[in-house]
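Final position of the sequence shown in the numbering used here is 164; the numbers increase by one with none missing.
Virtual Cβ for every residue (Gly too), placed ideally from N, Cα, C.
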Amino acid sequence: MEKINIVKEWLNFANKDINSAKYLLGMHPVPLEIICYHCEQAAEKALKAYLINRDIEPSRTHDLRLLCKMCADFDESFNEISKQCINLTAFGVQPRYPFELQITDGDVETAIADADSILEFILQRL
39 MEKINIVKEW LNFANKDINS AKYLLGMHPV PLEIICYHCE QAAEKALKAY
89 LINRDIEPSR THDLRLLCKM CADFDESFNE ISKQCINLTA FGVQPRYPFE
139 LQITDGDVET AIADADSILE FILQRL
């Protein structure tokens, strides 16, 4: 499969994750943990798409800080989104288990904003 198609597929999955997160906002009760998890996943997949576009096989990790640092090795402007990556990293594993994180409505709003920001940032660089 051509690299461009692989990158597009990663971005397609990233968009499905962020769209799922936003859709879940309409549930009652709102599944805060699941929304935050989808936000982390959207950012993770977008970062991995960028790395694949740069001919780097991304690590099998949920550590967005590490993935962002790998991207910054090619483009220092990725340091601009490092805070958003740090914010979202905790949602990659802990929300999948009960009692691991106490997530608030504010955390959800921030997670969606951070994921949107990361996706937009990466799309501008691909």
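Grab me the residues of Asn117's own chain with a C-beta within less than 6 Å of its C-beta, minus the 5 sequence neighbours each way, in chain order.
Close CB contacts of Asn117 within its chain, under the 6 Å cut and outside five residues either way in sequence, are with Ala110 (chain order).
Residue environment, Glu114, which counts as buried when at least 16 other CB atoms sit within 10 Å
Answer is exposed; the Cβ neighbour count stays below 16.
In chain order, what residues of the same chain lie with their CB nearer than 8 Å to the CB of Ser97, ignoring the 5 residues before and after it?
Here Ser97 has Leu104, Leu105, Met108 as same chain residues with Cβ atoms under 8 Å from its own Cβ, once five neighbours each way along the sequence are excluded.
How would you call Leu164, buried or exposed, if buried means at least 16 neighbouring beta carbons within 10 angstroms?
The residue is exposed, with fewer than 16 neighbouring Cβ atoms inside 10 Å.
Expected contact under 8 Å - CB spacing of Phe129 and Ala149 to nearest Å
Confirmed, about 6 Å.
Stretch pair the region 51-63 + the region 88-95: three plus CB contacts closer than 8 Å
By the Cβ test, the region 51-63 is not in contact with the region 88-95, since fewer than three Cβ pairs between them sit closer than 8 Å.
Tell me the start and end of each unbroken alpha helix (DSSP H) in the region 84-121 that is at least 4 residues and wholly inside, in chain order.
Whole alpha helix (DSSP H) segments, 4+ residues: 102-110.
Using beta-carbon positions only, say whether Asn53 and Ala80 come within less than 9 Å of one another.
Yes, the pair counts as a contact, with Cβ atoms nearer than the cut-off.
Using 10 angstroms around the beta-carbon of Tyr176, count the other beta-carbons present and answer buried if the total reaches 16, otherwise exposed.
As shown, the chain starts at 39 and ends at 164. That puts residue 176 outside it, with no answer to give.
Consult DSSP for His175 and reduce its assignment to one of helix, strand or coil.
For residue 175 there is no data in the structure shown, the boundaries of the chain being 39 and 164.
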